[in-house]
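The sequence shown begins at 558 in our numbering and counts up by one. C-beta atoms are modelled at their ideal positions from N, C-alpha and C, and glycine is treated no differently. Notes follow once the structure below has been shown.
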Amino acid sequence: MKLNRNYENIDDSYLFVEIAKRVAAYKEVHPEADVIRLGIGDVTLPLAPCVVEAGVKAVEEMGRAETFRGYSPDSQGYEFLRDAISKYYESFGVKVAPHEIHVSDGAKSDCGNIVDMFDDGNTVLIPDPVYPVYIDSNVMSGRKVIFCDATEDNGFAPTPDKKIKCDIIYLCSPNNPTGSVLNYEKLKEWVDYANSRGAVIIYDSAYEAFITEDGVPRSIFAVEGARTCAVELCSFSKTAGFTGTRCGYTVVPDELCGGKFAKMWARRQSTKYNGTSYIQQRMAEAAYSEEGISQCGENIAVYRKNAKVISDALDELGIFYTGGKNSPYVWLKCPQGMGSWEFFDYLLKNANVVGTPGAGFGKNGEGYFRLTAFGSEKNTEEAVKRIKNLLGT
Ligand code: PLP
Numbered sequence: 558m559k560l561n562r563n564y565e566n567i568d569d570s571y572l573f574v575e576i577a578k579r580v581a582a583y584k585e586v587h588p589e590a591d592v593i594r595l596g597i598g599d600v601t602l603p604l605a606p607c608v609v610e611a612g613v614k615a616v617e618e619m620g621r622a623e624t625f626r627g628y629s630p631d632s633q634g635y636e637f638l639r640d641a642i643s644k645y646y647e648s649f650g651v652k653v654a655p656h657e658i659h660v661s662d663g664a665k666s667d668c669g670n671i672v673d674m675f676d677d678g679n680t681v682l683i684p685d686p687v688y689p690v691y692i693d694s695n696v697m698s699g700r701k702v703i704f705c706d707a708t709e710d711n712g713f714a715p716t717p718d719k720k721i722k723c724d725i726i727y728l729c730s731p732n733n734p735t736g737s738v739l740n741y742e743k744l745k746e747w748v749d750y751a752n753s754r755g756a757v758i759i760y761d762s763a764y765e766a767f768i769t770e771d772g773v774p775r776s777i778f779a780v781e782g783a784r785t786c787a788v789e790l791c792s793f794s795k796t797a798g799f800t801g802t803r804c805g806y807t808v809v810p811d812e813l814c815g816g817k818f819a820k821m822w823a824r825r826q827s828t829k830y831n832g833t834s835y836i837q838q839r840m841a842e843a844a845y846s847e848e849g850i851s852q853c854g855e856n857i858a859v860y861r862k863n864a865k866v867i868s869d870a871l872d873e874l875g876i877f878y879t880g881g882k883n884s885p886y887v888w889l890k891c892p893q894g895m896g897s898w899e900f901f902d903y904l905l906k907n908a909n910v911v912g913t914p915g916a917g918f919g920k921n922g923e924g925y926f927r928l929t930a931f932g933s934e935k936n937t938e939e940a941v942k943r944i945k946n947l948l949g950t
């Protein structure tokens, strides 16, 4: 037996462990400190009432012989949820047929599993800084990864360099960690580039519900030409607070690889996945009902307000940042030329506020810092007050 040697090439995932270690060390010396955490990428507000109601009803159905359900008829998801997702797309003007939607237990699983679709010889292009799953899942399967630079110069929203040869492209908009977005024109450049090369774009739209600006697509399929070159991964996690509930979906258009991609993905899922639970799917359906969109929207409005509180303060302080407008993430340049970890320690020590060092997301993240809007309103306001006091002098 030989173990998969590719695992020797992935870095230890030490970012959040290191953050926890430094916070714990600080708290040990200063047990009285009221440390506010604006580093987490997890939601904090509870599920919408109509989602809870749908979950309770589904559990009750499972408890009665007449309505009990075992394995779902197919691993792609119940029709009721695929119809609801298709209607959700329609609400922002994008046509995706129910049969093109594949329901899962979340975008992270789909992100990790989609690499099964590709030959190991493909070259993968990933923006830096980035959500680390894109890199690690490809390195684990031995694929060559190259990077394109997201920097202050391109607003952390790069466009393709036509000289670069790649086969698989990862894009995430609104972006984690930078909060930047790809507008229609930039996305069209990527779509044209992918089509011209016969490459595939894996488009992560997990944060689409945070988009407020016109001209920023909520789906890559709003862009002409995307149906021949893209798959889209999306999630109920940030839209409806499902980080603990688990539900997501991948859209594979009929036109991709002449229909072969959709067939392969369905085959992969039916072989390795036995479907998302009925209860979760009923809850997800409720989240995309008219009532659900409105109730989940109330939570998103709170996060948006937090993001504005953070970004307004950075505007006042004259600090460069991206995000905050179409995203729960605010990505700021560390003041006074500090490095990411240096600023982390400075903020922890002098303001008792915890964020995420940008260096943990790639080399271009060095010197930057991520704050999130997922904290409570009270904590966000207090943290921002402390940051303004510290950096405003
Ligand atoms: N994609 C991005 C960009 C994320 O930031 C996250 C989670 O933070 C995910 C996917 C994972 O989503 P899920 O909870 O559906 O697995």
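*Which of the three DSSP states, helix, strand or coil, is assigned to Glu842?*
helix
*Which stretch, first to last residue, makes up the alpha helix (DSSP H) that contains Glu789?*
That residue, Glu789, is in no alpha helix (DSSP H); its beta strand (DSSP E) goes 787-792.
_Strictly by DSSP, which residues pair up with Gly712?_
DSSP, once it has assigned bridges, lists no residue as partnering Gly712.
*asked:* By the three-class DSSP mapping on this structure, what secondary structure does Asp685 have?
replied: DSSP places Asp685 in the strand class (E or B) of the three-state scheme.
*DSSP state of Cys705 mapped onto helix, strand, coil*: The three-state reading of DSSP puts Cys705 in strand, counting E and B together.
*Specify the secondary structure class of Thr796 as computed by DSSP and reduced to three states.*
helix
*If you check the beta carbons only, do Glu939 and Ile593 fall under 8 Å apart?*
yes
*asked:* Please report the distance separating the alpha-carbon of Asp706 from that of Phe931.
replied: Just so you know, the alpha carbons of Asp706 and Phe931 end up roughly 27 Å apart.
*asked:* With a threshold of 7 Å (Cβ to nearest heavy atom), would Ser792 be considered close to the ligand PLP?
replied: yes
*Quick one: residues in its chain with C-beta nearer than 7 Å to the C-beta of Ser629, no 5 flanking neighbours on either side, listed in chain order?*
Tyr635, Gly832, Tyr835
*Cut-off 8 Å between Cβ atoms - residues of its own chain near Val748, not counting five sequence neighbours on either side*: For Val748, where only same-chain residues beyond five positions count, the Cβ hits under 8 Å are Ile758, Ile777, Val780, Glu781, Gly782, Ala783, Cys786, Ala787.
*Is the number of C-beta pairs between the stretch 612-627 and the stretch 805-817 that are closer than 8 Å three or more?*
no
_In chain order, what are the residue ranges of uninterrupted alpha helix (DSSP H) at least 4 long that sit wholly in the stretch 614-652?_
636-648
*How should Thr828 be labelled, buried or exposed, when 16 other C-beta atoms within 10 angstroms of its C-beta is the threshold for buried?*
exposed
*Find the nearest neighbour of Thr913 within the set Arg775, Gly596, Asp869, judged by alpha-carbon distance.*
Gly596
*Which runs of the alpha helix (DSSP H) fall wholly inside the stretch 588-618 and span at least 4 residues, in chain order?*
none
*asked:* Between which two residues does the alpha helix (DSSP H) holding Asp902 run?
replied: 897-908
*Would the C-beta of Ala864 count as close to the ligand PLP, meaning under 7 Å from any of its heavy atoms?*
no
_When you measure from the CB of Ala641 to every non-hydrogen atom of the ligand PLP, does any distance come out below 7 Å?_
No, the Cβ of Ala641 stays beyond 7 Å of every heavy atom of the ligand PLP.
*If you drop the 5 nearest sequence neighbours on each side, which residues of the same chain put their C-beta closer than 6 Å to that of Val526?*
Here the chain has residues from 558 to 950 only, and residue 526 is not among them.
*Excluding the five sequence neighbours on either side, which residues of its own chain have a C-beta within less than 6 Å of the C-beta of Tyr799, listed in chain order?*
It should be noted that the sequence gives Phe, not Tyr, for residue 799. These residues qualify, in order along the chain: Phe793.
*Quick one: give me the first and last residue of the beta strand (DSSP E) that Arg927 is part of.*
925-929
*With distances taken between CB atoms, is the gap from Pro892 to Leu948 smaller than 8 Å?*
yes
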